[in-house]
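Visitor:
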Ligand code: ADP
Ligand code: MG
């Protein structure tokens with residue numbers, strides 16, 4: 001069952017909470033007063049034009065950028081000001097990138113094992129078993145000894161997803177996971193993500209795949225010029241958006 005848009009006023013502690021987030025690069029303000037809560041089981045799609053700050057928001061949540069102002073809480077603990085624990089944090093709040101970011105000199109299996117051994121201190125045996133479980137889940141078991149350059153874009157992205165899942169994160173962030181793919185490979189990656197959503201994985205997905213956002217998200221967030229313009233159920237966003245800017249943005253996809 002799809003997670004409903006119900007928790008915005010919940011008393012449950014959010015998995016992640018962004019409060020009054022600001023980010024500037026020099027003079028250029030990229031995020032302005034962003035407020036955003038993520039609860040366990042949420043599947044949140046973030047949509048918006050190129051340059052609207054979507055990646056910067058995800059990167060702040062993954063500790064790849066340091067906010068200029070505001071707070072980010074992971075289960076009520078601020079993630080700012082604890083630089084020593086970045087790797088541990090990223091094990092819980094994983095990220096999948098547009099460009100896959102696989103280690104090109106390692107095999108598929110080694111890619112999946114590395115973080116588990118280094119960060120989670122799993123034994124090689126345990127890391128291998130966990131990797132195989134998740135590589136199987138994304139249909140990549142036949143390729144465990146391949147190197148990334150031997151794979152298609154869709155296969156690389158499925159490996160990157162398996163590698164992130166093998167860390168058994170609480171939430172996975174996806175930054176345009178299908179934007180670098182040839183069109184015929186988009187479907188296989190979206191199918192994997194749809195399965196994860198059905199299984200209840202908490203996900204935040206920046207995407208231009210509007211049909212996917214409409215069908216799979218429990219909440220859809222529209223960003224424009226560094227501001228969250230609308231944060232609503234996909235029913236509202238895609239059929240009766242309240243904001244004129246949301247309407248204009250979506251009209252380009254008709
Ligand atoms: P989106 O992901 O929605 O396309 P981004 O978050 O990548 O948007 O970028 C938002 C704005 O911030 C853009 O104008 C971009 O040029 C700028 N920006 C992003 N990263 C940097 C950076 N490291 N240095 C300077 N400007 C940046
Ligand atoms: Mg981006």
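In UniProt numbering, the protein residues as written are 1 to 254. C-beta: ideal position from N, C-alpha, C; glycine also.
#1: Are the region 227 to 245 and the region 199 to 208 touching by the rule of at least three beta carbon pairs closer than 8 Å?
#2: So does residue 208 have its beta carbon nearer than 7 Å to some heavy atom of the ligand ADP?
#3: State the DSSP-derived secondary structure class of residue 105, mapped to helix, strand or coil.
#4: Is residue 75 near the ligand MG, with its Cβ less than 7 Å from a heavy atom?
#5: Going along the chain, which residues of its own chain have a beta-carbon closer than 6 Å to the beta-carbon of residue 145, five neighbours each way excluded?
#6: If we ignore side chains and look at the alpha-carbon of each, how far apart do residue 16 and residue 254 end up?
#7: Since residue 73 is in the beta strand (DSSP E), which residue starts that stretch and which ends it?
#8: For residue 196, does the count of other Cβ atoms within 10 angstroms reach 16, so buried, or fall short, so exposed?
#9: On the DSSP bridge list, what partners appear for residue 94?
#10: Could you check whether residue 119 and residue 87 sit closer than 8 Å to each other, using their CB atoms as the reference points?
Guide: Reading from the atomic positions:
#1: With a cut-off of 8 Å on Cβ pairs, the region 227 to 245 is not in contact with the region 199 to 208, counting fewer than three such pairs.
#2: Here residue 208 refers to the residue found at position 208 when the chain shown is read from its first residue. No, the Cβ of residue 208 stays beyond 7 Å of every heavy atom of the ligand ADP.
#3: As a working mapping, residue 105 is identified with position 105 in the chain shown. Coil, per DSSP.
#4: Position 75 of the chain shown, counted from the first residue, corresponds to residue 75. Every heavy atom of the ligand MG is 7 Å or more from the Cβ of residue 75, so no.
#5: The residue you call residue 145 lines up with position 145 of the chain shown. The answer, listed in chain order, is 107.
#6: On the chain shown, residue 16 is found 16 positions in, with the first residue counted as 1. On the chain shown, residue 254 is found 254 positions in, with the first residue counted as 1. Whole-angstrom Cα-Cα distance: 33 Å.
#7: Position 73 of the chain shown holds residue 73. Note, residue 73: beta strand (DSSP E), 69 to 74.
#8: Position 196 of the chain shown, counted from the first residue, corresponds to residue 196. Label assigned to residue 196: buried.
#9: Here residue 94 refers to the residue found at position 94 when the chain shown is read from its first residue. Bridge partners of residue 94: 172.
#10: As a position in the chain shown, residue 87 is number 87, starting the count at 1. As a position in the chain shown, residue 119 is number 119, starting the count at 1. Their beta carbons are under 8 Å apart, which means residue 87 touches residue 119 by this criterion.
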